[in-house]
Structures are given as C-alpha cells and as structure tokens.
Amino acid sequence: MDLDPGLAALGALGGFFVLRTGAPPSMPGRPLPTLAQAYAPAAPDPLGGAYGDPLAFRVRKVARSLHAPEIRVAASLTHQGLAARLWSVALGCAVLYGRVPDLDPRLLHWDPDGTMPDELWLSEVRPLSVGSLDAVVREAHLVPLTAALNSRYGVSRRLLWGNAGSALAGSVRMIGDWARAGGRTEVPERARALAAESFGHPGLSGTLDPVTGRRRSCCLYYRLPGGGLCGDCCFDRPPGRG
29 MDLDPGLAAL GALGGFFVLR TGAPPSMPGR PLPTLAQAYA PAAPDPLGGA
79 YGDPLAFRVR KVARSLHAPE IRVAASLTHQ GLAARLWSVA LGCAVLYGRV
129 PDLDPRLLHW DPDGTMPDEL WLSEVRPLSV GSLDAVVREA HLVPLTAALN
179 SRYGVSRRLL WGNAGSALAG SVRMIGDWAR AGGRTEVPER ARALAAESFG
229 HPGLSGTLDP VTGRRRSCCL YYRLPGGGLC GDCCFDRPPG RG
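Mapping of the sequence shown onto my numbering: residues 29 to 270, in sequence order.
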C-alpha cells in the first residue's frame, strides 16, 4: 500500500501518530521553523520569540507550563515529546503502509509554541522502504536532538537515549492496543519486529530491561510539582521521598 499524500491512515491510531502534510501555516510574518533549524546551533533573533531558537523556545514553554524546578527537566520532557511523535509517525506508517515517509529534518516543520502532542507538518511526502525506519528517526533526528540538548542543557546522553527507547516502546504498545481492538492480529508482531531492529543500534541498545521493559534511566518527571513515576521508570519510588 503506497503512502497517500495526506497519510490519512495514521489518524486511526491517535493523536501521537497524525502527521499533517503540505505547506505549514505561518507564524506572524514567517513560516514555521524546520526541525533542522531546531537542531542547529542557536542564532540570535532580532524579533525574539521562537524563530531564531525554536528549541530553546520550546524548552522554556514546557518549563513554564509544567512549573519545572530545573530547566534540564523541561529539556528532557521536550526531548521525550518529540521522540514519541517521530517514532509514532514512522512506525505507524511502516505497519500500516509498508513504507515510511522521508522525515528529513529539512522537510519537517514544527510549531514550538504548539500544544501536545507536538505539532508537525511534512512539506513533501517521499516514500522510503521500511528498512529506512531507523535512519529516518534515530539517525536523522534523535542523534542531533540528543546532542543539542546535552550540550545546551547538560542533560545526560544516557537519560536522553532512555527517553528515545521509552518512546519507541510506547509507540509499539499503542499500535498493539489499536490492532488487537480491531482484530489486526498480525500488526503487533510486525511493530515489535521493526522496533527490535532499532533497539539493536547504538544509543538505543540497552536502554530498556529486556525482561521487564523498564527503563535503565529516568526522564526526571518525578521532579515536577506533583510528579510521580512513569509506568516504565527505573525507580520503585521517587528518589528522596522516603
């Protein structure tokens, strides 16, 4: 099944999987930035706002909305949100279409001032083989995103790759839940097999316990006011809380 221009089949899987296509809307006077611009070194923006440094804008927005006590907590959760969206789009296309779209960061526009899940637009739909899944997400996006957040906010690479592994496992679970509810019994195994290939690559390898599926690092969500532990957290109780 070829990719359709609107990637309409993804809508059935839920909001984390939807990818808008075509020309993105403009912020006042300018188009939305691409993710390539977000990963690049920050450039001063004479008008302020999200344009010159979309990644920093997003991290600050997350910090304000969640009342994060440390900027690195917001940076980690920003990373996890983007990783979840990218894995979901690519893996969803792989299992539903048998192809993945080229998610070149120069083609993928992002609204750093948008809501959750992160709002993305793909300006051109170019189909690739399912064998490109790891390349279009891990290599093209997670490697530069991890490097940017590590260097700018001091978030450890191990933590960030743990985010990426957790996000991929979450996408597999959501696809499996959808498939079982609809009697698509072949889909969960296909999603797991594709994910297993990515988990064998550098960065993702060893991020999750193979028996329990729990992370071997923590995303820092517990540090938020009222924050608890995620379902796959490496901790049994929030550190420092008895």
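The C-beta atom is built at its ideal place from N, Cα and C for all residues, glycine as well.
Going straight from the alpha carbon of residue i to that of residue j, what length do you get?
{"i": "residue 112", "j": "residue 254", "result": "23 angstroms"}
{"i": "residue 42", "j": "residue 202", "result": "9 angstroms"}
{"i": "residue 270", "j": "residue 122", "result": "Its pLDDT being 42, under 50, residue 270 is placed unreliably by the model, and the measurement read from it follows with that caveat. Going by the C-alpha atoms only, they are around 44 angstroms apart."}
{"i": "residue 87", "j": "residue 200", "result": "26 angstroms"}
{"i": "residue 181", "j": "residue 63", "result": "18 angstroms"}
{"i": "residue 73", "j": "residue 110", "result": "Note that residue 73 scores 49 on pLDDT, short of 50, meaning its location in the model is unreliable and no value can be drawn from it."}
{"i": "residue 32", "j": "residue 263", "result": "43 angstroms"}
{"i": "residue 157", "j": "residue 256", "result": "39 angstroms"}
{"i": "residue 50", "j": "residue 59", "result": "13 angstroms"}
{"i": "residue 48", "j": "residue 129", "result": "12 angstroms"}
{"i": "residue 52", "j": "residue 92", "result": "26 angstroms"}
{"i": "residue 184", "j": "residue 108", "result": "13 angstroms"}
{"i": "residue 217", "j": "residue 267", "result": "36 angstroms"}
Where does residue i fall in DSSP's three states?
{"i": "residue 213", "result": "coil"}
{"i": "residue 95", "result": "coil"}
{"i": "residue 59", "result": "strand"}
{"i": "residue 239", "result": "coil"}
{"i": "residue 82", "result": "helix"}
{"i": "residue 128", "result": "strand"}
{"i": "residue 48", "result": "strand"}
{"i": "residue 226", "result": "helix"}
{"i": "residue 104", "result": "helix"}
{"i": "residue 116", "result": "helix"}
With a threshold of 8 angstroms on Cβ separation, who are the neighbours of residue i within its own chain once the five nearest residues in sequence on each side are excluded?
{"i": "residue 167", "result": "none"}
{"i": "residue 197", "result": "223, 236, 241 and 260"}
{"i": "residue 140", "result": "61, 66, 78, 82, 83, 85, 86 and 89"}
{"i": "residue 39", "result": "45 and 46"}
{"i": "residue 227", "result": "193, 196, 233, 235 and 236"}
{"i": "residue 174", "result": "107, 185, 188, 189, 192 and 231"}
Once the 5 residues before and after residue i are set aside, which same chain residues still bring their CB inside 6 angstroms of it?
{"i": "residue 265", "result": "none"}
{"i": "residue 205", "result": "none"}
{"i": "residue 231", "result": "189"}
{"i": "residue 94", "result": "252"}
{"i": "residue 105", "result": "90"}
{"i": "residue 37", "result": "124"}
Determine whether the Cβ of residue i lies closer than 9 angstroms to any Cβ atom of chain B.
{"i": "residue 127", "result": "Of the chains in the structure shown, none is chain B; there is only one protein chain."}
Given residue i, which residues of its chain have a CB within under 7 angstroms of its CB, disregarding the five upstream and five downstream residues?
{"i": "residue 229", "result": "162 and 166"}
{"i": "residue 186", "result": "245"}
{"i": "residue 115", "result": "165, 195, 196 and 199"}
{"i": "residue 219", "result": "119, 123, 200, 203 and 204"}
{"i": "residue 176", "result": "67 and 83"}
- Would the region 142-154 and the region 244-251 be scored as touching if the rule is three or more Cβ pairs under 8 angstroms? no
- Task: Can you check the region 137-206 for any beta strand (DSSP E) of at least 3 residues that lies completely inside it and give the ranges in chain order?
- Result: 148-150 and 155-157
- Message: Using 8 angstroms as the cut-off, can you tell me whether the region 123-138 makes contact with the region 93-109, which would need three or more C-beta pairs spanning the two stretches below that distance?
- Response: Because the criterion of three Cβ pairs below 8 angstroms is not met, the region 123-138 and the region 93-109 do not touch.
- Message: Can you confirm whether the region 209-217 touches the region 188-197 when touching is taken to mean that 3 or more C-beta pairs between the two stretches lie within less than 8 angstroms?
- Response: Touching, no.
- Message: Three or more C-beta pairs under 8 angstroms: does that hold for the region 163-177 against the region 139-146?
- Response: no
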